[in-house]
Amino acid sequence: MSTPKADSVPGSTPDPESGNPGPVKPPRRIARTVGIVLLSGLILGAVSIGGAEYYTSRPDFCGTCHIMDPYYESWSQDKHGAKLDVWCVECHYAPGEQHTIKAKFKGLSQLASYFSGRYGAGRPRAHVDDASCMRSKCHGDGEHLDKMLLIGEPRKEKRLVSGHETEITRSPTVRFVHSKHIGEDARLKEIEKEIAQVASRLREKLSPEDYAKVEAASRSVKPAVERETEIRSLLDQLGAPHLADDATLLMRQEHTRLRLSQLEGLNCSACHTYDATSKNHFAVDQQTCFVCHFTNQSFNRDTGECLKCHEPPTRKIAVHSMPPQESRLTGMPDTAPATAALMDHMDIVNRGIDCASCHMDVIQGAATVTARECTHCHDQQRFLVDFGRRNTEIVAEYHRVHVANQRARCSDCHRSVQHKLIDAMHVGTSQDFLAPVINDCQHCHPSHHREQVQLLMGTGGEGAAVDMPNAMFGSRLNCRACHTQSGSDFKGDPLVQATQATCVACHGEDYRNLFDQWVNEIDSSVKEVEASLARVETRIKELREAGQTISPEVEHRVGQARSNLHFVKSGNGIHNKNYALQLLDISLRDLDASMAALSPQ
Numbered sequence: 067m068s069t070p071k072a073d074s075v076p077g078s079t080p081d082p083e084s085g086n087p088g089p090v091k092p093p094r095r096i097a098r099t100v101g102i103v104l105l106s107g108l109i110l111g112a113v114s115i116g117g118a119e120y121y122t123s124r125p126d127f128c129g130t131c132h133i134m135d136p137y138y139e140s141w142s143q144d145k146h147g148a149k150l151d152v153w154c155v156e157c158h159y160a161p162g163e164q165h166t167i168k169a170k171f172k173g174l175s176q177l178a179s180y181f182s183g184r185y186g187a188g189r190p191r192a193h194v195d196d197a198s199c200m201r202s203k204c205h206g207d208g209e210h211l212d213k214m215l216l217i218g219e220p221r222k223e224k225r226l227v228s229g230h231e232t233e234i235t236r237s238p239t240v241r242f243v244h245s246k247h248i249g250e251d252a253r254l255k256e257i258e259k260e261i262a263q264v265a266s267r268l269r270e271k272l273s274p275e276d277y278a279k280v281e282a283a284s285r286s287v288k289p290a291v292e293r294e295t296e297i298r299s300l301l302d303q304l305g306a307p308h309l310a311d312d313a314t315l316l317m318r319q320e321h322t323r324l325r326l327s328q329l330e331g332l333n334c335s336a337c338h339t340y341d342a343t344s345k346n347h348f349a350v351d352q353q354t355c356f357v358c359h360f361t362n363q364s365f366n367r368d369t370g371e372c373l374k375c376h377e378p379p380t381r382k383i384a385v386h387s388m389p390p391q392e393s394r395l396t397g398m399p400d401t402a403p404a405t406a407a408l409m410d411h412m413d414i415v416n417r418g419i420d421c422a423s424c425h426m427d428v429i430q431g432a433a434t435v436t437a438r439e440c441t442h443c444h445d446q447q448r449f450l451v452d453f454g455r456r457n458t459e460i461v462a463e464y465h466r467v468h469v470a471n472q473r474a475r476c477s478d479c480h481r482s483v484q485h486k487l488i489d490a491m492h493v494g495t496s497q498d499f500l501a502p503v504i505n506d507c508q509h510c511h512p513s514h515h516r517e518q519v520q521l522l523m524g525t526g527g528e529g530a531a532v533d534m535p536n537a538m539f540g541s542r543l544n545c546r547a548c549h550t551q552s553g554s555d556f557k558g559d560p561l562v563q564a565t566q567a568t569c570v571a572c573h574g575e576d577y578r579n580l581f582d583q584w585v586n587e588i589d590s591s592v593k594e595v596e597a598s599l600a601r602v603e604t605r606i607k608e609l610r611e612a613g614q615t616i617s618p619e620v621e622h623r624v625g626q627a628r629s630n631l632h633f634v635k636s637g638n639g640i641h642n643k644n645y646a647l648q649l650l651d652i653s654l655r656d657l658d659a660s661m662a663a664l665s666p667q
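In my numbering, the protein residues as written are 67 to 667.
In structure tokens, the structure reads:
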């Protein structure tokens, strides 16, 4: 009896003997359906992704997030949004970046930050790549580079003239040109050539060691007046005061080179920043201008020169009440209201009058940088190793790293500077404009207290073999440690003096009389040198009247003694008793030797 054949099972192995044909193939109709579904899904997905890409790229979508409200509002009022309809992504993504994987991850990161609450009430600073600004349809044509731009808006202000309010109109005087701040390679090469020429002149007249000191001083980043005072003092110590002008020129050129080098790598966002007033989406932060032009610069010199940016007003302005006699000369009655003396800026400029004569108060503050600003970002001491010894080279490197590479803004490191005229209503009625000059002692007294400082350091005298610093100088005691007693000078003006009390405060009662002993000892030596110098000078006069010549050695000895005497008296020898007495002893020996050489043999 034959066994019945098993029914063929789909998916079973074909069996020729049993006649099983194997798996049954799906109909073509099903395959087509699956293909159409997959293709439709792909098309729908692509359309959805494209639609989502388009929708999320629109500024309206950015504005749906509440933390973006102020930015969206300022964009909608700005020329770029209201007139040109520039989308956020056109600026905040560099050309070609928007559709990259990196950009998608950036978007996901922002989304995650938002939902995780990391943004808080605000958002991190946005960076706009220069390539976004320089697109072909934006500023890529370069027309903006040589276009002269007015900085500021015309305004009306009131001025008191003869007790009456007079309204005047002020027009912007600052003209800005981009090309002067970009691509300064030619000017940089020119200033480097000038530096090489001045350096060559100094090397010819100084030893290598002395030139190295001058070069180091020229690269100091202290305030300009302080730098110039120190470099002139250094040349005095080196016995080459006649080279002070060249050394000062080298210092100024070095700082000009620093400014020009800082323009390299400067990006658009260094000056054009978000405008928190919402009048514009972004605007030029004038603090950037002030920091670059005024940091460590003397008033109206080099990068701080007024006419580098300002054009002098071309009209006459009322400056003060006109004296009666001048009013009569102009045909104006003495009782006429608002009779004013007129001043022509162009005439003042043509005559070379320094702007500082009237406008010293227009710069308030100094764009200094302290280690505290560094610690806002750097919490490890290793980042501050170079800060205390920074010079122009180190500062240039700081700018390369932080500004060119990391897009730091001036306000991240520098303190603010104000640059403006005082209230016009107060012109001629307030003394506030005098404060910057009164507080700037160095302007009228550029070497004020130089001898006192040199005495403390044990330098500045002639003939001493080695420096002899005051012991208190090594203890870092400054002027205020000893000058504590209120007194007055020969004019009756207040003066803070040093007395025995300051010695006792630190050293005890045993030192009460020491101060007076030192003063008397120095005074006695000074009088002795003065008497000896008078005798020698009298003898020299007699010999010259007799037709005799004085040897160079005697001239040198007497000149050295005269210089040391003046130094000790001007600096007040009490600032370094031991050094002062040593200089006076050297002077006595020089004078005795000179008298011996001048006496009959």
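Every residue gets a Cβ at the ideal spot worked out from N, C-alpha and C, and that includes glycine. Small disclaimer: the values here were computed from a predicted structure and weren't measured.
Taking the DSSP output, what are the residues bridged to residue i?
| i | result |
| --- | --- |
| residue 485 | 429 |
| residue 553 | 561 |
| residue 217 | 240 |
| residue 383 | 409 |
| residue 532 | According to DSSP, residue 532 bridges with nothing at all. |
| residue 349 | 339 |
| residue 235 | 222 |
| residue 376 | 240 |
Using C-beta distances below 7 Å, list every residue in its chain close to residue i, excluding the 5 sequence neighbours before and after it, in chain order.
| i | result |
| --- | --- |
| residue 648 | 530 and 534 |
| residue 299 | 516 |
| residue 539 | 522 and 523 |
| residue 303 | 525 and 526 |
| residue 175 | none |
| residue 377 | 239 and 241 |
Report the rounded CA-to-CA distance for residue i versus residue j, giving the unit in angstroms.
| i | j | result |
| --- | --- | --- |
| residue 506 | residue 170 | 57 Å |
| residue 117 | residue 457 | 56 Å |
| residue 345 | residue 371 | 31 Å |
| residue 381 | residue 223 | 15 Å |
| residue 652 | residue 627 | 8 Å |
| residue 435 | residue 467 | 16 Å |
| residue 418 | residue 270 | 35 Å |
| residue 595 | residue 523 | 23 Å |
| residue 267 | residue 528 | 26 Å |
| residue 206 | residue 449 | 39 Å |
| residue 277 | residue 314 | 13 Å |
| residue 429 | residue 318 | 20 Å |
| residue 273 | residue 237 | 54 Å |
| residue 655 | residue 561 | 37 Å |
| residue 455 | residue 440 | 15 Å |
| residue 103 | residue 162 | 33 Å |
| residue 221 | residue 235 | 6 Å |
| residue 132 | residue 182 | 15 Å |
| residue 421 | residue 204 | 39 Å |
| residue 352 | residue 275 | 43 Å |
| residue 109 | residue 179 | 31 Å |
| residue 501 | residue 164 | 55 Å |
| residue 198 | residue 115 | 24 Å |
| residue 113 | residue 149 | 30 Å |
| residue 360 | residue 159 | 34 Å |
| residue 536 | residue 573 | 16 Å |
Just to confirm my understanding: we take residue i, look at its own chain, exclude 5 residues before and 5 after, and list those with CB closer than 8 Å. What are they?
| i | result |
| --- | --- |
| residue 289 | 362 and 432 |
| residue 316 | 261, 264, 265, 268, 280, 281 and 284 |
| residue 462 | 324, 327 and 328 |
| residue 121 | 127 |
| residue 320 | 261, 284, 285 and 458 |
Leaving out five residues on either side along the sequence, give the residues of the same chain with a beta carbon under 6 Å from the beta carbon of residue i.
| i | result |
| --- | --- |
| residue 125 | 153 and 154 |
| residue 193 | 473 |
| residue 379 | 411 |
| residue 123 | 155 |
(Q) Measuring CB atoms only, is the segment 650 to 665 touching the segment 613 to 623, in the sense that at least three cross pairs come out at less than 8 Å? (A) yes
Q) Per the contact definition of three or more C-beta pairs closer than 8 Å, is the segment 322 to 329 in contact with the segment 246 to 254? A) yes
Q) Any chance the segment 285 to 301 sits against the segment 337 to 344, with 3 or more Cβ pairs inside 8 Å? A) no
(Q) Quick check: the segment 365 to 379 against the segment 422 to 430, are at least 3 beta-carbon pairs closer than 8 Å? (A) yes
Q. Just checking, does the segment 535 to 551 make contact with the segment 561 to 579 on the three C-beta pairs under 8 Å criterion?
A. yes
Q: Scan the segment 160 to 202 and note each continuous alpha helix (DSSP H) run of 4 residues or more that stays entirely inside, going in chain order.
A: 167 to 182 and 196 to 199
Q: Assess, as a yes-or-no matter, whether the segment 471 to 484 is touched by the segment 345 to 357 under the definition of 3 or more beta carbon pairs within less than 8 Å.
A: yes
**Q.** Cβ contact (3+ pairs, closer than 8 Å) linking the segment 585 to 593 and the segment 630 to 644
**A.** yes
Q. Fully enclosed by the segment 412 to 470, which alpha helix (DSSP H) runs are 4 residues long or longer?
A. 422 to 425, 437 to 441 and 458 to 465
Q | Complete runs of the beta strand (DSSP E) confined to the segment 234 to 295 [at least 3 residues] | A | 240 to 242
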